[in-house]
Each structure stands twice: as structure tokens, then as C-alpha cells.
Amino acid sequence: MKAEFQEMIDGLSAGDHVTAVGSDTRGHEVTRTGYLLAEPKLVNARRSESPAKGLRLCIGATGTDPAERSTWTTLFPDAGSVERTPEPEPGKWSMTELRYVPGVKANSHNTRILYGGKGGARSTGPTQSAPVNVVYTDEGLYILWDPATDKTYAMIKLTTKIWWAHLPQDAVPDAPSSSGEPEDAEPTSPATGS
Numbered sequence: 146m147k148a149e150f151q152e153m154i155d156g157l158s159a160g161d162h163v164t165a166v167g168s169d170t171r172g173h174e175v176t177r178t179g180y181l182l183a184e185p186k187l188v189n190a191r192r193s194e195s196p197a198k199g200l201r202l203c204i205g206a207t208g209t210d211p212a213e214r215s216t217w218t219t220l221f222p223d224a225g226s227v228e229r230t231p232e233p234e235p236g237k238w239s240m241t242e243l244r245y246v247p248g249v250k251a252n253s254h255n256t257r258i259l260y261g262g263k264g265g266a267r268s269t270g271p272t273q274s275a276p277v278n279v280v281y282t283d284e285g286l287y288i289l290w291d292p293a294t295d296k297t298y299a300m301i302k303l304t305t306k307i308w309w310a311h312l313p314q315d316a317v318p319d320a321p322s323s324s325g326e327p328e329d330a331e332p333t334s335p336a337t338g339s
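Laid out in C-alpha cells, this is it:
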């Protein structure tokens, strides 16, 4: 069985950009695209209410803690796949529901993207280009907020379609110094009321 798992991940290592189809912690099939956050490991998992050996992959946005269960994808010898995929292209626009933006989840306030405006059937392209943090509000809504200007661009649900793009590497600040705060200060968040 170890040989089957080894064949699945042959040539992959932590830091590679991959797409995996497997099971989440509830046993539902999931497809995750992102970076392999840690080396794959053999685990005892549950499958169809029975214990089974599986291969756990932790896949998410760069900087995500691999211990977060939302990154876990379990592959079984006869169910699941993983393959190396191209790195995301900064500035390339996509229109998807917010939930398909890599790194967006309820407990994260550090996902940054370029926001191009709301999408939908009649939307033909982005209407703006603003770097924003995606911030969960604890009320089932997400705020798209720029900490440098303290401007909120939208308050939306996970199922809302938006235009978005990965930020170019030089547009991701090391610290929120453009807001006039000291470089070691934390930006305030509209979701926390600070």
C-alpha cells in the first residue's frame, strides 16, 4: 500500500503548486488547488464509516498553517489524485464565487487579492483594480477591505461572484506601513470593530 501512495506523490514536495481531488474531514469529495504546505503523511482516516489508511495532503495559500483542517485532503489508494499545476499568474482576472478564491475561509483575515468588482451573468470584465484583504465578519459575510486606505469595497457572501486576481508579488506589503502607522503595528479590521 505504501508503494501506491508513493506513486501518487512521486516527484512532489512541500511548496509545489498542486491540484488534488480527495476527501475532506467529513468524507465529502473536495478539489483543492494551492500550495503543498507540508510533506504528505500516511494517516488513519475514516472512509464509509470504516477505518482506512490514507495519504493526507495539506493544500492552501502560502503562509496557511497546515494544521488547519480546512487544508486537509485525504487520498485513498483507489480514490483520489494529485498533480502539479502551474503557479497562479498574478494580475490574471477570474470571475468566480468568493468561496473559490484560494485561502478564503471563516477564520482567516490575511487573504489578499486584487478585487475587480462584482461579477455575474452580465459582467464582461473587472470594473476596478484594488488590493484588498478578505475578512470574515462572524456573521456569514466577508468584507473586502483595503487596510492602507481603510476603505471597504464590498460586504458579500461566499456565493457572491466577483472578479479577482492574485496580487503581484511586489504589491504584497511586508507590513502595513502605507497607512501611516508604524511598520510593526497591526492594521485595524472592520470586522473586529477596531
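The sequence shown begins at 146 in the numbering used here and counts up by one. Note that the Cβ used here is the ideal one computed from N, Cα and C, for glycine as well. Just so it is clear, the structure is predicted and the values come from calculations on it, not from any experiment.
Asked, Found
"Looking only at C-alpha atoms, which of S158, L181 and S193 sits nearest to E174?", "S193"
"If you reduce the DSSP assignment to three classes, tell me which class T216 lands in.", "helix"
"State the Cα-Cα distance for the pair M300 and V246, rounded to the nearest angstrom.", "15 Å"
"Could you check where the beta strand (DSSP E) with E242 kicks off and where it finishes?", "S239 to E242"
"Once the 5 residues before and after A148 are set aside, which same chain residues still bring their CB inside 7 Å of it?", "none"
"Span of the beta strand (DSSP E) holding E228?", "S226 to R229"
"Once you ignore the five residues that flank G167 on each side, which residues in its own chain have a CB closer than 6 Å to its CB?", "T218, T219, L220 and G225"
"Going by beta carbon distance, what residues of the same chain come within less than 6 Å of I154, once the five residues before and after it are set aside?", "P185"
"Below 8 Å CB to CB, which residues in the same chain sit around V249 once its five sequence neighbours on both sides are set aside?", "L243, T256, V279, Y287 and L303"
"Taking buried to mean at least 16 other C-beta atoms within 10 Å of its own C-beta, is T207 buried or exposed?", "exposed"
"Identify the continuous alpha helix (DSSP H) that holds K302 and give its terminal residues.", "Here K302 belongs to no alpha helix (DSSP H), and DSSP marks it neither H nor E."
"What residue does the beta strand (DSSP E) around E174 start on, and which one ends it?", "E174 to L181"
"Do L182 and T209 come within 8 Å of each other at the CB atom, strictly closer than that value?", "yes"
"Alpha carbon to alpha carbon, what distance is there between D169 and D295?", "36 Å"
"Using alpha carbons as the reference points, say which of S274, R214, D223 and R191 lies closest to L312.", "S274"
"Tell me the DSSP bridge mates of L202?", "T218"
"When you compare only the Cα positions, how much space is there between L202 and G179?", "11 Å"
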